[in-house]
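This report refers to the structure that appears directly beneath it.
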């Protein structure tokens, strides 16, 4: 499932793309594939920023009527106060 949002800005055009992939409970997500995808998008299409996150959900990407908070950002050990 994917969405695309295009905005006209003073600097030109800004695009925001969301891509969601579903995995079963017995499958391992291929998160390493994201690095190759990001490299290709940066080289061929001018990708500037990419944010990836892993969340629990249903395999078919449908959602029940329940709010699930986003996972907290990970903190590096040196960032602890």
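In the working numbering, the protein residues as written are 100 to 180.
The beta carbon of each residue, even a glycine, is placed where N, CA and C say it ideally should be.
From a predicted model like this one, the values you see are computed outputs, not experimental measurements.
Roughly how many whole angstroms lie between the Cα atoms of residue i and residue j?
i, j, result
"residue 112", "residue 106", "6 Å"
"residue 157", "residue 150", "21 Å"
"residue 138", "residue 148", "11 Å"
"residue 143", "residue 133", "15 Å"
"residue 135", "residue 109", "31 Å"
"residue 100", "residue 146", "20 Å"
"residue 140", "residue 126", "26 Å"
"residue 161", "residue 172", "24 Å"
Tell me, which residues are paired with residue i by DSSP?
i, result
"residue 111", "108"
"residue 103", "116"
For residue i, which residues of its own chain have a beta-carbon under 7 Å away from its beta-carbon, when the five flanking residues on both sides are left out?
i, result
"residue 128", "122, 153"
"residue 103", "114, 116"
"residue 179", "Confidence is the limiting factor: at residue 179 the pLDDT is only 49, short of 50, which leaves the residue's position unreliable and the question unanswerable from this model."
"residue 170", "152, 154"
Leaving aside the five residues before and after residue i along the sequence, list all residues of the same chain whose C-beta is less than 6 Å from its C-beta, in chain order.
i, result
"residue 118", "101"
Can you give me the Cβ contacts of residue i inside the same chain, cut-off strictly under 8 Å, excluding the 5 residues immediately before and after it?
i, result
"residue 168", "none"
"residue 124", "158"
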